[in-house]
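Notes for the one structure printed next.
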Amino acid sequence: MLPAIHENSVMNAILSNMAEAVLVLNQDANVVLANRAAENLFLIRDGVLIGQSFFNITENEKIISMVNDVLSTGKEVFTETILLPSTQTHRIHVSALKDEQGKMNGVVAVFHDVTDARNFEQMRSEFLGNVSHELRTPLTSIKGFVETLLDGAMENSTQCRRFLSIIDTETYRLGRLIEDMLSLSAIESKERVMRPKPVCMLTSMRNVLNILGPQISEKSLRVDLIYPNDHSYIQADEDLLNQVFINLLDNAIKFTPENGSIVVRCKKQDSRVILTITDTGVGIPRESLPRIFERFYRVDKARSRRQGGTGLGLSIVKHIVESHGGEVFVESEVGKGSTFGVSFIAL
Ligand SMILES: Nc1ncnc2c1ncn2[C@@H]1O[C@H](COP(=O)(O)OP(=O)(O)OP(=O)(O)O)[C@@H](O)[C@H]1O
Ligand SMILES: [Mg+2]
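For the sequence shown, this note's numbering begins at 4 and goes up steadily by one.
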């Protein structure tokens, strides 16, 4: 057993280092003890909380009635609420303080900040909702066309061919969706081991231009590559960097009408290498720009779906770039075109 004085200082050390705010109130609901977290939460400097009536330090009806309840019944209660002026969600636990004879002489209230957990839960449920919706759309369409075929459309060879080709497109989209989700989750969970090595951004971009060559010629697009004389090396995982350029260039091609043009610029600025892809496509409305890198976000869902898009491309780009310590940016004007850019620390 620790001597009383030592016990007290240990107690104080524990209380003042706790992330949770702790308040002890007497029977008249006056504060008799408050740790540092409680002072911060109620925005009161050193010690001033002590002696104040609890009802003067908060206007939150929910906790006021909880404290009153516990003071009159001696029960233990929990709740979750936002404590103004903070914007954080707190889980609050109020219980009775009783002496050895079981007589109540106050209450103790503990405030635990659960904002991160709640935000995470909300994000997860939004994500699940989005995924289910994205998976259901092509499935519903496949099911519809299969039923129409079975109902007799298969006897008509033109119709049969047309419906089968729609089914083919939809299954391709389902496959891509699953692949994109897997690669996003692998990058996010850091499950995919990065193999960084010196990579020339320009060489990577040239490879990608070759890969997407057929789509570029199909739409008769003109692509200009403008670059400095010195090569632009960065430390990166080459496959992942290629994936960034494929996604960005694929968008530029997809959202630019036939005979349009795309300019790829690579430049060194201070200690960074910056690559931008400027197209003369449909552009992105100003209000959509802040959301463009979110998973599944598409300006025109129907249009993107028709083109086989999943809306995951840019979120994959952002994740890869940021996991390399780089930055992504976008500028756009509706009807004129868009510029997407990435910037990395130069080697
Ligand atoms: N270069 C661009 N020009 C105009 N809009 C663009 C451009 N790039 C992206 N967008 C808009 O941003 C949305 C999200 O892009 P993202 O690459 O994440 O998805 P997607 O291209 O629709 O699908 P996926 O990349 O899976 O094929 C697109 O649907 C489109 O509305
Ligand atoms: Mg895309």
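Don't be surprised by glycine CBs; every beta carbon is placed ideally from N, CA and C.
- With 16 or more other Cβ atoms inside 10 Å of its own Cβ, residue 321 counts as buried.
- Taking a cut-off of 7 Å from the heavy atoms of ligand 2, the residues with a C-beta inside it are 250, 253, 254, 257, 312, 316, 317.
- Not one heavy atom of ligand 1 falls within 6 Å of the beta-carbon of residue 119.
- Residue 266 and residue 317 have their C-alpha atoms spaced approximately 19 Å apart.
- When beta bridges are read from the DSSP output, residue 40 appears opposite no residue.
- Here the C-alpha atom of residue 56 lies approximately 12 Å from the C-alpha atom of residue 37.
- Excluding residues up to 5 positions away in sequence, 27, 29 lie with their Cβ nearer than 6 Å to the Cβ of residue 35 in the same chain.
- Look at the segment 187-217 and you find these whole runs of beta strand (DSSP E), each 3 residues long or longer: 199-203.
- Remark: three or more beta-carbon pairs, one from each stretch, lie closer than 8 Å, so the segment 256-263 and the segment 274-285 are flagged as touching.
- When the beta-carbon positions are compared, residue 145 and residue 191 stay at least 7 Å from each other.
- With a cutoff of 6 Å, residue 265 does not count as near ligand 1, since its C-beta is closer than that to no heavy atom of the ligand.
- Residue 86 and residue 44 do touch by the CB rule: their CB atoms are close to 7 Å apart, below 8 Å.
- By the criterion of at least three beta-carbon pairs nearer than 8 Å, the segment 300-313 is not in contact with the segment 216-231.
- Look at residue 23 here: in three-state DSSP terms it is coil, with no helix or strand label.
- Under the three-state reduction of DSSP, residue 236 is assigned to strand.
- Exclusion of the five residues before and after residue 79 leaves 98 as the residues of its chain whose Cβ lies within less than 6 Å of its Cβ.
- If you draw a 10 Å sphere on the C-beta of residue 227, you find fewer than 16 other C-beta atoms in it, and that means exposed.
- Shown here, residue 304 sits in a helix according to DSSP, grouped into three states.
- Bounds of the alpha helix (DSSP H) holding residue 124 are 118-153.
- Checking the 6 Å criterion, the Cβ of residue 214 is out of range of every heavy atom belonging to ligand 1.
- Remark: the shortest separation between the CB of residue 282 and any heavy atom of ligand 1 falls under 6 Å.
- Per DSSP, reduced to three states, the secondary structure at residue 298 is coil, with no helix or strand assignment.
- Here the alpha carbon of residue 128 sits roughly 11 Å from the alpha carbon of residue 121.
- Around the beta carbon of residue 13, fewer than 16 other beta carbons sit within 10 angstroms, so the residue counts as exposed.
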